[in-house]
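First residue of the sequence shown: 1, per this note's numbering; consecutive thereafter. The C-beta atom is built at its ideal place from N, Cα and C for all residues, glycine as well. Since the structure is predicted, the reported quantities are computational estimates derived from the model, not experimental observations. Worksheet for the structure shown next.
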Amino acid sequence: MELHEVVRRRRMVRRFTDEPVDPAVVDRALDHATRAPSAGFTQGWGFLVLDTPADVRRYWEACVDPAGLASPGRWLAGMMTAPVLVVPCSSRAAYLDRYAEPDKGWTDRDPDRWAMPYWHLDTAMASLLVLLTAVDEGLGACFFGIPRERYDAVRAAFAIPDDHEPVGVVALGHPDPTASAATAAGSPSRRRRRPPDEVVHRGSWPR
């Protein structure tokens, strides 16, 4: 598939069939993720892959309270059909260590030197490559966040180390063609896409 077609077809899929995902496709998506740019070529990311029914179930048990699991709303019921979950994690420590090396020279490892948290930004770009690979492979995908109040429970359930922070979750699977229009479309069905002439500012931001 041509890149422009992959980009235009990319959307968040919120309900999946029970067809399994080829592990080779997941591996390709993760290989592509490692091709994302990273400050100082730090590559300070890690990817937790949950690709068995038991592990996927464990994620939802950690992420959702028992009452929610017993009676999930439309969004959650759809997302729980995903056969594969990938949890991209960023490591601030890896970046602080990298920029204390001789070719960078920030020996104090002070996070305040960073105007932006590139550990999160780089991992987000890696996540986007997983989303785009899914489209190219004929799969559906959705990036979603972990609720703040369940963050520690998810970390504990999968022994995510203290120096890695989950930035979200990518659900992967085959899109369910019977999903309702509302489930499939999400917010884009209620909000228009802003065209380039509204968001692109050439030379200067207009006053």
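Check                                                                                                                                                         : Outcome
So the alpha helix (DSSP H) Leu-69 belongs to, where does it begin and stop?                                                                                  : 66-70
Closest to Asp-97 by C-alpha separation, out of Arg-9, Gly-40, Leu-172, Arg-8, would be which residue?                                                        : Gly-40
Tell me which residues share the same chain as Val-167 and place their Cβ nearer than 8 Å to its Cβ, disregarding the 5 neighbours each side in the sequence. : Pro-88, Cys-89, Ser-90, His-120, Thr-123, Ala-124, Ser-127
Are the stretch 55-64 and the stretch 95-111 touching, with three or more C-beta to C-beta distances below 8 Å?                                               : no
Ignoring anything shorter than 3 residues, give me the beta strand (DSSP E) runs that lie fully in the stretch 143-194, in order along the chain.             : 169-173
Excluding sequence positions up to five away, which residues of its chain have a Cβ less than 6 Å from the Cβ of Arg-15?                                      : Gly-78, Thr-81, Asp-176, Ala-179, Thr-183
Under 6 Å Cβ to Cβ from Thr-17, same chain only, skipping five residues before and after it: list those, please.                                              : His-174, Asp-176
Alpha carbon to alpha carbon, how far is Pro-83 from Val-56? Give it in angstroms, no decimals.                                                               : 7 Å
Look at the Cβ atom of Met-12, then the Cβ atom of Phe-158, and state whether they are nearer than 8 Å.                                                       : no
When you compare only the Cα positions, how much space is there between Val-170 and Trp-75?                                                                   : 15 Å
Name the residue from His-4, Ala-29, Trp-45, Met-1 whose alpha carbon lies nearest to the alpha carbon of Asp-163.                                            : Trp-45
How would you call Arg-193, buried or exposed, if buried means at least 16 neighbouring beta carbons within 10 angstroms?                                     : exposed
According to DSSP, is Pro-111 helix, strand or coil?                                                                                                          : helix
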